[in-house]
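Here the protein sequences come in this chain order: Z and R. Number 1100 in this note's numbering belongs to position 39 of the first sequence; there are no gaps in the numbering. Number 692 in this note's numbering belongs to position 104 of the second sequence; there are no gaps in the numbering. Ideal Cβ placement from N, Cα and C applies to all residues, glycine included.
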Amino acid sequence: MFQSIGEMIVLGWRTFAALPQTLRQRRKVAEQLFEIGNASLFMACLLSLFIGGVLALQSGPRLAERGISGLLGGLVGLSMAEELAPVMMSILIAGRIGSAMAAEIGSMRVYQEIDALRTMNIDPVHYLVLPRMVAITLGLPLLVVFSMLVGWTGGALVAVFNRDIGITAADYFSNLRMSVEGVDIFKGLFKSLVFGVMVGLVSCHQGLQTLGGPRGIGRSVTKAVVNSIVMILILDYCLTRFLLFLDR
Amino acid sequence: MTPPASNPSQGVTVDVVGVRKSFRGVEVLRGIDLHVKRGEVFVLMGPSGSGKTVLLRQIMGLDRPDAGEVRVEGVPVHDEGARDRVRMAMVFQSAALLNSLTVAENVGLYLSEHRRQPADVIARIVREKLDLVGLQGTEDKMPSELSGGMKKRVAIARALVMEPQLIVYDEPTSELDPLRSVTIGREILALNHRLGVTSVVVTHDRDLACGVANRIAFMAEGQVRFLGTPTELRASSDPLIREFLTIDFDENRRPLEIS
């Protein structure tokens, strides 16, 4: 495990050092960004709508019982912005994009395509890892913004149409606007940026470490997804503590 | 096929010094020492599992030896910037084309990634190299649309684009019919004559080895068992080499008659 962490740190550093090459790889970055949007947008929409909805469904009636249903907008807004949108979108991206990255790079490794790049004096980190890392780091926060908006809408729909809650859309969004500040959205975006780097790093590292044939590729994909999700949840706790500490 | 007279104009020397390599405790290379001359066609021959491809990967710097060193034109192959000083290309047994790129993108990859030429010049060079290996008109095809032999020729075209000083071939005639095998052998020789590149060929194809080589190293169990010209190899009294060169099907055993 420590060897893997060390290798990921080295890979992260090499990718960071290669950042000035990004402009040269812009076509591949755009392709990867399209892939992230194309593969994930519909799922992100569906997931966020229901997360926002279920948040309102769980908490709305309890708030209404206590006569404070007017606070529902803020509750859903803050939960989505600071926690659920970044975490759930990162898990979605780990499953859809991280797995694809590990599979693609893994099969390139198994079928000697990466060796072929090296014989052409083309650094696989520049050619394969850098565009994917840049795309996922840019794409995930964009997806999170989208997820926040759709999640808030999902919460509003439940708040308006559920008889046990019974507040208007205007009340819901008024409370949401009062409670959610720019800094809260920034915290969510910051988290998603860190998660994006982590998912990209874990997935590319697993792809580059692939050995054997199709079974090896399958193993790498599984490891990439599972390790990414575990890392997201551990990092989420650490980042939340860090951000709470900054709030004091 | 006529073995080439060495052309020293572009090739490089290769020195393999005491190279050892193990995988999971099994020693695959047991101290290999070789010197490949500038502009030479050098064949590594031997039975499967003798360590030929592993040695080739050490020569190309794709793997690090456990002990010993490989030097190309006197430069250790693992040195930082060694590939900037010496142009080396490899034709893989599986061709190793990038499956997500077209034939033209594969062949022009080296030039486009290193920004050596503008796009229109790269397209012209790609066409020329594909013509050279008899694959004109395949620029827009994907590797999955090509036969094994065509993939191999695309891999050769991709290697040629680099204008290499050292070109290594891993089993260049595996999966090819006899006609294509001879074509590939002739291509290896033509490149050697035309550009004077140093060529290292791994094969267990007896005809190819004796047809193209200036010298042959016969490998067995991770060691060089014989080193000499094709004529000297044919005259060898080593029982393993004799068996390897002459073994054939039993003349007295024919398939069962089917009525």
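Helix, strand or coil for residue i? Go by DSSP, reduced to three states.
i       : result
R:E831  : helix
R:M633  : strand
R:K609  : strand
Z:G1073 : helix
R:H792  : coil
R:N595  : Caution is warranted here: a pLDDT of 44 is assigned to R:N595, below 50, making its placement in the model unreliable, and the coordinate value is therefore given only provisionally. In this structure, R:N595 counts as coil in the three-state DSSP scheme.
Z:Q1173 : coil
Z:V1291 : helix
Z:S1160 : helix
R:Q811  : strand
R:A664  : With the sequence shown as reference, residue 664 of chain R is identified as Pro, and Ala is not the correct amino acid for it. In the structure shown, R:P664 sits in a strand (DSSP, three-state: E or B).
R:I620  : strand
Z:M1150 : helix
Z:M1181 : coil
R:T786  : strand
R:D708  : helix
R:D870  : Outside the shown range of chain R, which is 589 to 847, sits residue 870 of chain R, and nothing can be said about it.
Z:G1257 : helix
R:R768  : helix
Z:V1186 : helix
Z:V1244 : helix
R:E763  : coil
Z:G1067 : helix
R:V721  : coil
R:R852  : Any question about residue 852 of chain R goes unanswered here, given that chain R covers just 589 to 847.
R:E727  : coil
R:E615  : strand
R:K739  : helix
Z:A1079 : coil
Z:D1297 : helix
Could you tell me how far apart the beta carbons of residue i and residue j are, in whole angstroms, since I believe they sit closer than 8 Å?
i       : j       : result
Z:G1261 : Z:R1193 : 6 Å
Z:G1131 : Z:N1236 : 6 Å
Z:V1090 : Z:G1216 : No, Z:V1090 and Z:G1216 are not in contact; Cβ-Cβ is about 34 Å, not under 8 Å.
R:V605  : R:E668  : That pair is no contact at about 19 Å.
Z:L1108 : Z:L1153 : 6 Å
R:G619  : R:R608  : 6 Å
R:P760  : R:T791  : 7 Å
Z:A1163 : Z:S1281 : 5 Å
Z:G1098 : Z:E1165 : So it is not a contact: roughly 17 Å between Cβ atoms.
R:F814  : R:S824  : 6 Å
Mind checking whether the beta-carbon of residue i lies closer than 7 Å to any heavy atom of the ligand SAM?
i       : result
Z:L1084 : Judged by which ligands are present, the structure shown has none, so any question about the ligand SAM falls away.
Grab the span of the beta strand (DSSP E) containing residue i for me, first residue to last.
i       : result
Z:L1203 : From DSSP, Z:L1203 is part of no beta strand (DSSP E) but of the alpha helix (DSSP H) over 1191 to 1222.
R:A805  : 803 to 808
R:L755  : Before going on, a small fix: residue 755 of chain R reads as Ile here, not Leu. Where R:I755 is concerned, the enclosing beta strand (DSSP E) stretches over 754 to 758.
R:A677  : 676 to 679
Hey, out of the options, whose CA is closest to residue i's CA?
i       : options                            : result
R:R849  : R:E661, R:S636, R:G649, R:P653     : The question about residue 849 of chain R has no answer, for chain R in this structure spans 589 to 847.
R:M755  : R:V789, R:P818, R:V665, R:E668     : According to the sequence displayed, residue 755 of chain R carries Ile and not Met. Out of R:V789, R:P818, R:V665, R:E668, R:V789 has the C-alpha closest to the C-alpha of R:I755.
R:A747  : Z:T1180, Z:H1187, Z:I1154          : Z:T1180
R:G816  : R:M633, R:R612, R:V614             : R:M633
Z:S1240 : Z:G1257, Z:H1187, Z:L1133, Z:H1266 : Z:L1133
R:I835  : R:D793, R:L844, R:V616             : R:D793
R:V749  : R:A823, R:R768, R:S732, R:E701     : R:E701
Z:M1069 : Z:V1148, Z:Q1119, Z:M1259          : Z:M1259
Z:L1300 : Z:L1272, Z:Q1270, Z:F1256, Z:R1276 : Z:F1256
R:R782  : R:G736, R:D708, R:E751             : R:E751
Z:V1219 : Z:L1118, Z:P1202, Z:L1080, Z:A1100 : Z:L1118
R:R768  : R:F806, R:T726, R:G722, R:K729     : R:G722
Z:S1014 : Z:F1111, Z:I1183, Z:V1221, Z:G1273 : The displayed coordinates of chain Z run from 1062 to 1309. Any statement about residue 1014 of chain Z would go beyond what the structure contains.
Z:P1081 : Z:H1187, Z:G1135, Z:V1115          : Z:H1187
Could you spell out where the alpha helix (DSSP H) holding residue i opens and where it closes?
i       : result
Z:I1097 : 1087 to 1126
R:M750  : It is not in any alpha helix (DSSP H) - R:M750 carries neither H nor E in the DSSP assignment.
R:S688  : R:S688 -> no alpha helix (DSSP H), and no H or E assigned at all.
Z:M1062 : Element bounds for Z:M1062: n/a, residue is neither H nor E.
R:V642  : 640 to 647
R:T819  : 818 to 822
R:R841  : First-last for R:R841: undefined, no H or E at that position.
R:L699  : 697 to 701
Z:L1139 : 1133 to 1139
R:R671  : 670 to 673
Hey, is the stretch 711 to 722 of chain R in contact with the stretch 739 to 749 of chain R, meaning 3+ C-beta pairs nearer than 8 Å? yes
Below 8 Å, how does it come out for the stretch 806 to 815 of chain R and the stretch 768 to 776 of chain R: are there three or more Cβ pairs, yes or no? no
Is it true that the stretch 1078 to 1095 of chain Z meets the stretch 1181 to 1199 of chain Z, where meeting means three or more beta-carbon pairs spaced less than 8 Å apart? yes
Should the stretch 670 to 682 of chain R be called in touch with the stretch 1200 to 1220 of chain Z, which here means at least 3 C-beta pairs below 8 Å? no
Would you check if there are 3 or more beta carbon pairs closer than 8 Å linking the stretch 632 to 645 of chain R to the stretch 1140 to 1147 of chain Z? no
Stretch pair the stretch 1221 to 1233 of chain Z + the stretch 1243 to 1259 of chain Z: three plus CB contacts closer than 8 Å: no
Touching or not, the stretch 1275 to 1294 of chain Z and the stretch 1158 to 1172 of chain Z, by the rule of three or more beta carbon pairs under 8 Å? yes
Within 8 Å, do at least three Cβ pairs link the stretch 1071 to 1081 of chain Z to the stretch 687 to 699 of chain R? no
Indicate whether the contact test is met: 3 or more Cβ pairs, each with one atom in the stretch 797 to 805 of chain R and one in the stretch 615 to 634 of chain R, closer than 8 Å. yes
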